[in-house]
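Novice: Residue numbering for the sequence shown follows my numbering, starting at 27 and increasing by one per position. Each residue gets a CB set at the ideal place from its N, CA and C atoms; glycine is no exception. All of these numbers come straight from a predicted model, not from anything done at the bench.
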Amino acid sequence: MIIPEPAVKAVVVNCVFTSLAFIFVGSRLLTRAFLIKNMGADDILIAFSILASIGFLTVVMLQVKAGLGRQITFPELPGFLQALWATVPIYNLALIFCKLSITVQCYRVLRTPKMQKFLRGYFILLVVYGLWTFFSTLINCWPIEYYWAFTQGVQGSCMNKTAITFSNAALNIATDLILIVVPVPLLWKLQIPKRQKIILMMLFGVGSVACIMSIIRLQALYQIAIAPESEQSVQGVMIAIWSCIEINVAIMCASVPALKPLVVRFFPKLLLSEIYARTKGAAYYARNGDKYARGTGGESSSGNRSGNRSGNRSKTGGSVLRSGNRVGAGEIQVEQSFEMRSVPIAGGRDDTDKASRDGSEKNLVVSTWQDEYFDSAKGGGQKKVTITSHPRDMV
Numbered sequence: 027m028i029i030p031e032p033a034v035k036a037v038v039v040n041c042v043f044t045s046l047a048f049i050f051v052g053s054r055l056l057t058r059a060f061l062i063k064n065m066g067a068d069d070i071l072i073a074f075s076i077l078a079s080i081g082f083l084t085v086v087m088l089q090v091k092a093g094l095g096r097q098i099t100f101p102e103l104p105g106f107l108q109a110l111w112a113t114v115p116i117y118n119l120a121l122i123f124c125k126l127s128i129t130v131q132c133y134r135v136l137r138t139p140k141m142q143k144f145l146r147g148y149f150i151l152l153v154v155y156g157l158w159t160f161f162s163t164l165i166n167c168w169p170i171e172y173y174w175a176f177t178q179g180v181q182g183s184c185m186n187k188t189a190i191t192f193s194n195a196a197l198n199i200a201t202d203l204i205l206i207v208v209p210v211p212l213l214w215k216l217q218i219p220k221r222q223k224i225i226l227m228m229l230f231g232v233g234s235v236a237c238i239m240s241i242i243r244l245q246a247l248y249q250i251a252i253a254p255e256s257e258q259s260v261q262g263v264m265i266a267i268w269s270c271i272e273i274n275v276a277i278m279c280a281s282v283p284a285l286k287p288l289v290v291r292f293f294p295k296l297l298l299s300e301i302y303a304r305t306k307g308a309a310y311y312a313r314n315g316d317k318y319a320r321g322t323g324g325e326s327s328s329g330n331r332s333g334n335r336s337g338n339r340s341k342t343g344g345s346v347l348r349s350g351n352r353v354g355a356g357e358i359q360v361e362q363s364f365e366m367r368s369v370p371i372a373g374g375r376d377d378t379d380k381a382s383r384d385g386s387e388k389n390l391v392v393s394t395w396q397d398e399y400f401d402s403a404k405g406g407g408q409k410k411v412t413i414t415s416h417p418r419d420m421v
């Protein structure tokens, strides 16, 4: 069988992007299962997403076999339309599982009441949207085989395919925009480390990447919508390409934040300079200036205490780092507790000057992380919420 050149491009793009997404998800699952040893619902959902992506690759191959990228004859039309029908619900499944995974991961990381309330509502919206897009494309025609067998005398009826296609595409873009626009103001109010904020922005940035791909895909959708059935095999190439890119780029972006423990374990030098800079900065903070806390384990306030809570405190070894004045109305102040301890490294010596016999890289991961949120209202009161997280919550 000779594969036309447009179909070759579709095959190459689908194989490359699906393979990359599979590597990302596989690395993520191995990290969670064996390094962190704590799998979550978001990991299960992303696994379902990559399985659906592999299914999409399979039906694209069936399209190529049935004539994708070339003019097909009338007897070949049912076989191609059957493969085309199968791609749409599988595409929707892959996207919805990926979006649900991102939502669950954000829910686990962002513990503020407003953000969790938004994410719960968004999760319900995604479930309703996913059920609609899946079943509206699965049973677009009744009986189902009427979609591809109408040329063979099968009786039935179909919904407006063009209306269903573009309404689903609009819903897809809308759900992406919600994930981009709504959480940003809440996220910027969080006084958290810049590195953690970047990780969270990467999670929400997946929506922007997927949204761009969806908009580009609209042009290909329009071309195939206005084409007659006999021409859909030619116009379907770009749909196969952009749909594959959209699915797998979203899966890869959703998996990147979860790979940090893997990088720390096998490529620690990549983060060495950052660790050194943070350690040096923390030491300077603890030693210098009246506006900083002095000593270890002490607590001091700078200047006046007339009504303002200016508790600047610094501790090391199971301590709290605290700075800043009372937050204003609508703002969130975060106080973070962490533990730093000396651990033996393979080939070196521990604090008692005894040789270490085994590695302890896993001990370099902080055992717990405690956040205190001060959410101030317009009335002047402050509500304090203390949350203890594990390393897995930080990725």
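#1: From the DSSP output, which residues share a beta bridge with W168?
#2: Could you give the residue range of the alpha helix (DSSP H) that holds I80?
#3: The alpha helix (DSSP H) that contains Q131, what's its start and end?
#4: For the candidate residues K187, A253, S79 and I29, whose alpha-carbon lies nearest to that of M278?
#5: I'd like the list of long-range same chain contacts for V17, defined as Cβ closer than 8 angstroms, with 5 residues on each side in sequence excluded.
#6: Once the 5 residues before and after N274 are set aside, which same chain residues still bring their CB inside 8 angstroms of it?
#7: Classify N186 as buried or exposed, calling it buried when 16 or more other Cβ atoms lie within 10 Å of its own Cβ.
#8: What would DSSP say about A253, mapped onto helix, strand or coil?
#9: Below 8 angstroms, how does it come out for the segment 89-100 and the segment 27-41: are there three or more Cβ pairs, yes or no?
#10: Taking the alpha helix (DSSP H) that L293 falls in, what are its first and last residues?
#11: Can you name the start and end residues of the alpha helix (DSSP H) that K35 belongs to?
#12: If contact is defined by three or more beta carbon pairs under 8 angstroms, each pair taking one atom from either stretch, is the segment 250-258 in contact with the segment 53-72?
#13: On the CB-based measure, 16 or more other CB atoms within 10 Å of its CB, does E97 come out buried or exposed?
#14: Taking the alpha carbon of L131 as the reference point, which residue from I165, F50, F293 and A280 has its own alpha carbon closest?
#15: Tell me the rounded alpha-carbon separation between F160 and V207.
#16: So does the segment 234-241 actually touch the segment 264-273, counting three or more Cβ pairs closer than 8 angstroms?
#17: Can you give me the start and stop residues for the alpha helix (DSSP H) that L61 sits inside?
#18: Short of 8 angstroms in beta carbon distance, which residues of its chain neighbour R146, apart from the five on each side in sequence? Order them along the chain.
#19: Quick one: measure Cβ to Cβ for F149 and L126, integer angstroms, because I've assumed they're closer than 8 angstroms.
#20: Tell me the DSSP secondary structure of P287 in three-state form.
#21: Could you tell me the alpha carbon to alpha carbon distance between Y302 and V290, rounded to whole angstroms?
#22: Assign S183 to one of two classes, buried (16 or more other C-beta atoms within 10 Å of its C-beta) or exposed (fewer than that).
#23: By Cβ distance, which residues of its chain are closer than 7 angstroms to V51, with the 5 residues on each side in sequence left out?
#24: Is DSSP giving Q97 helix, strand or coil here?
#25: Helix, strand or coil for V210, going by three-state DSSP, please let me know.
#26: I265 to T191, Cα distance in whole Å?
#27: Give the straight-line distance between the Cα atoms of V153 and C124, rounded to the nearest whole angstrom.
#28: For K215, tell me which candidate among T138, I70 and C41 has the shortest Cα-Cα distance.
#29: Could you have a look at Q261 and say whether DSSP puts it in helix, strand or coil?
#30: Going by C-alpha distance, which of L226, F292, A284 and S259 is nearest L88?
#31: By a C-beta neighbour count over all protein chains shown, 10 Å radius and 16 as the cutoff for buried, is F106 buried or exposed?
#32: Do you know offhand how far V37's Cα is from I29's?
#33: Alpha carbons only, please: which of Q217, Y155 and L103 is nearest the one belonging to S193?
#34: Apply the 10 Å Cβ neighbour rule to I128 and answer buried if 16 or more other Cβ atoms are within range, or exposed otherwise.
#35: Please report the straight-line C-alpha distance between F176 and S53, rounded to a whole angstrom.
Specialist: Considering the structure as presented:
#1: S183
#2: A67 to A92
#3: L103 to V135
#4: S79
#5: It is not possible to answer for residue 17, since the shown part of the chain is limited to 27 through 421.
#6: F43, T44, L46, A47 and S79
#7: exposed
#8: coil
#9: yes
#10: In the sequence on display, residue 293 carries Phe and not Leu. Per DSSP, F293 belongs to no alpha helix (DSSP H) and is neither H nor E.
#11: E31 to L56
#12: no
#13: Correcting the residue type first, residue 97 is Gln in the shown sequence and not Glu. Exposed is the call here.
#14: Note that residue 131 is Gln in the sequence shown here, rather than Leu. That would be A280, whose Cα lies nearest to the Cα of Q131.
#15: 25 angstroms
#16: yes
#17: Per DSSP, L61 belongs to no alpha helix (DSSP H) and is neither H nor E.
#18: Y133
#19: 7 angstroms
#20: helix
#21: Reliability fails at Y302, whose pLDDT of 45 lies under 50, so the model's placement of it is uncertain and no value is given.
#22: exposed
#23: I72, A73, I76, I277 and S281
#24: coil
#25: helix
#26: 12 angstroms
#27: 12 angstroms
#28: T138
#29: helix
#30: S259
#31: buried
#32: 10 angstroms
#33: Y155
#34: buried
#35: 45 angstroms
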